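Here is the structure we will look at.
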Amino acid sequence: MNWSEKVVLVTGGTGSFGRKFVQVMLEEYHPAKIIVFSRDELKQHEMRVSGFDHPSLRYFIGDVRDLQRLRRAFDGVDIVVHAAALKQVPACEYNPMEAIKTNILGSSNVIEAALDAGVERVIALSTDKAVNPVNLYGATKLAAEKLFVQSNAYAGGKATRFSCVRYGNVVGSRGSVVPVFLRQRESGVLTITDERMTRFWISLDQGVRFVIHCLEQMMGGEVFVPKIPSMRVLDLARAIAPEARLEVIGIRPGEKLHEVLISEDEARSTVELENMYVVQPVEAFWFGRKWEGRGKPLPDGFRYASNTNEAWLTLEELRQMIAPLEAEYLQGKLL
């Protein structure tokens, strides 16, 4: 893909992912134009004055709930990264209709606008919580995934293609447990929900680069899953505050003990590559070619879960990942 000729738009562009994505795009890929689409003018202003002020950068105020605004924003756009979402599990549990309006209906609007504008490629960010969901956030992201996969059929003979990227917890993103533990460290007491809890773990930079790689590889309808390590929340607490006392407070509403990135049922249509898995759509007549020849099938009963993962982060590796965030926290930059 020749990025220098592409106009790229990211929804939720002022969020943790959006900011990092824009940074990497500007520094390494140099698209003809990159549009930050988000609903908060203050965050756009703060992003601009913090160094994101480039001749090819545009700021577009709008909400994914507003189809007409999306249609206007997508005019002339080649690539869309859909990162806008309500992501906090408790917030979605207590505000269910708001989660549905943004995560499901907003995704539907992105699809409609992309089809109308003739966008070439659209990729949506999903989550491990979309697999066998036990909370509303996961359920809305599962619905969004289904919309994106099936919308390739709605594209018909048009060039527009839709895919998803699904990965685990992002180190240091908004709402991450890392800044919570860093704040609690000062009191000498860290609260954890359950000592047995495990999570998939990926850095913001890794997530952004994986999305860019998938944009270049996608044929439409795939759910891309990176091979990433797991970590124990107990180990994370020890890496951040080894001397602190741990207080177990119990699992929050809608929270899982362990996360799954590929279910046993999905594994039957999934192929494994060196650094990722590709969950193929069951029906994909829009494919110019298939993924079977590029990867190997998974064994019967395969399930990609955080507690049975082969790769685990050590305490030292966790400390190395946390170090930049700790520096930002001490400088007052990490909220």
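So in UniProt numbering, spot 50 of the sequence shown is number 50, and the numbers just go up one at a time.
We put the beta carbon where it would ideally sit given N, CA and C, even for glycine.
Since the model is a prediction, treat every value here as computed from it, not as a measurement.
Legend entry - Simplified DSSP assignment, three categories, for residue 45: Against the sequence shown, residue 45 aligns to sequence position 45. Helix at residue 45.
Legend entry - Candidates 244, 302, 127, 273: closest to residue 201 by CA position: Start at 1 with the first residue of the sequence shown, and residue 201 comes out as number 201. Nearest neighbour of residue 201 by Cα position, chosen from 244, 302, 127, 273, turns out to be 127.
Legend entry - Helix, strand or coil at residue 308 [DSSP, three-state]: As a first step, residue 308 must be located in the sequence shown, where it is residue number 308. DSSP places residue 308 in coil when its eight states are reduced to three.
Inset, instruction - Note the first and the last residue of the continuous alpha helix (DSSP H) segment covering residue 141. - result: Mapped onto the sequence shown, residue 141 falls at position 141. Following the DSSP letters along the chain, one finds residue 141 inside the alpha helix (DSSP H) bounded by residues 136 to 155.
Inset, instruction - Given a cut-off of 7 Å, decide if residue 171 and residue 321 are closer than it, judged by their beta-carbon atoms. - result: Translated into the one-based positions of the sequence shown, residue 321 becomes position 321. Translated into the one-based positions of the sequence shown, residue 171 becomes position 171. Closer than 7 Å, so yes.
Legend entry - Inter-residue CB distance, residue 203 and residue 147 (contact presumed, cutoff 8 Å): Indexing the sequence shown from 1 puts residue 203 at position 203. Indexing the sequence shown from 1 puts residue 147 at position 147. Rounded, the Cβ-Cβ distance is 28 Å, inconsistent with contact.
Legend entry - Beta-carbon gap between residue 71 and residue 40 smaller than 7 Å: Reading the sequence shown from its first residue, position 71 is the one you call residue 71. Reading the sequence shown from its first residue, position 40 is the one you call residue 40. One thing to note: residue 71 has its Cβ no nearer than 7 Å to the Cβ of residue 40.
Inset, instruction - Have a look at residue 237 and residue 118 and give me their C-alpha separation to the nearest angstrom. - result: Indexing the sequence shown from 1 puts residue 237 at position 237. Indexing the sequence shown from 1 puts residue 118 at position 118. Cα atoms of residue 237 and residue 118: separation of roughly 47 Å, rounded to the nearest angstrom.
Legend entry - Pick from 94, 96, 65, 304 that is closest to residue 84, judged by C-alpha positions: The residue given as residue 84 occupies position 84 in the sequence shown. Among 94, 96, 65, 304, the Cα nearest to that of residue 84 is on 65.
Inset, instruction - Please go through the same chain and pick out, in chain order, the residues whose beta-carbon is closer than 7 Å to the beta-carbon of residue 208, but skip the five residues on each side of it. - result: Locating residue 208 in the sequence shown gives position 208, where the first residue counts as 1. Same-chain partners within the cutoff: 17, 20, 21, 24.
Legend entry - Distance CB(residue 261)-CB(residue 233) smaller than 7 Å: Reading the sequence shown from its first residue, position 261 is the one you call residue 261. Reading the sequence shown from its first residue, position 233 is the one you call residue 233. Cβ atoms of residue 261 and residue 233: not closer than 7 Å.
Legend entry - Proximity to residue 222 [Cα-Cα], best of 79, 282, 102: Sequence index remark: in the sequence shown, residue 222 carries index 222 (1-based). Nearest C-alpha to residue 222: 282.
Inset, instruction - Starting from the Cα of residue 293, find the closest Cα among 311, 271, 301 and give me that residue. - result: Translated into the one-based positions of the sequence shown, residue 293 becomes position 293. The shortest Cα separation from residue 293 among 311, 271, 301 belongs to 271.
Inset, instruction - Run the proximity test for residue 143: is its beta-carbon closer than 6 Å to any non-hydrogen atom belonging to the ligand GTP? - result: This structure simply doesn't include the ligand GTP, nor any ligand for that matter.
Inset, instruction - Output the residue ranges of the beta strand (DSSP E) runs that lie fully inside the segment 231 to 269 and measure 3 residues or longer, sorted by chain position. - result: 245 to 248, 260 to 262
Inset, instruction - Check residue 121 in the structure and name its three-state DSSP category. - result: The count along the sequence shown starts at 1 and reaches residue 121 at position 121. Residue 121 falls in the strand class under three-state DSSP.
Inset, instruction - Tell me whether the beta-carbon of residue 169 lies closer than 7 Å to the beta-carbon of residue 263. - result: For the purposes of this step, residue 169 is taken as residue 169 along the sequence shown, with counting starting at 1. For the purposes of this step, residue 263 is taken as residue 263 along the sequence shown, with counting starting at 1. Cβ distance not < 7 Å, so residue 169 and residue 263 don't count as in contact.
Inset, instruction - State the DSSP-derived secondary structure class of residue 31, mapped to helix, strand or coil. - result: For the purposes of this step, residue 31 is taken as residue 31 along the sequence shown, with counting starting at 1. Under the three-state reduction of DSSP, residue 31 is assigned to coil, being neither helix nor strand.
Legend entry - residue 109 - DSSP class collapsed to helix/strand/coil: For this step, residue 109 is matched to residue 109 along the sequence shown. The answer is helix: DSSP assigns residue 109 an H, G or I state.
Legend entry - Helix, strand or coil at residue 322 [DSSP, three-state]: Against the sequence shown, residue 322 aligns to sequence position 322. If DSSP states are grouped into helix, strand and coil, residue 322 belongs with the helices.
Inset, instruction - Go through the segment 158 to 219 residue by residue and report every complete run of the beta strand (DSSP E) that reaches 3 residues or more, in order. - result: 161 to 167, 189 to 192, 198 to 202
Inset, instruction - Within 10 angstroms of the Cβ of residue 305, are there 16 or more other Cβ atoms? Answer buried if so, exposed if not. - result: On the sequence shown, residue 305 is found 305 positions in, with the first residue counted as 1. Counting every other CB atom within 10 Å of its CB across the protein chains shown gives residue 305 a total of 16 or more, marking it as buried.
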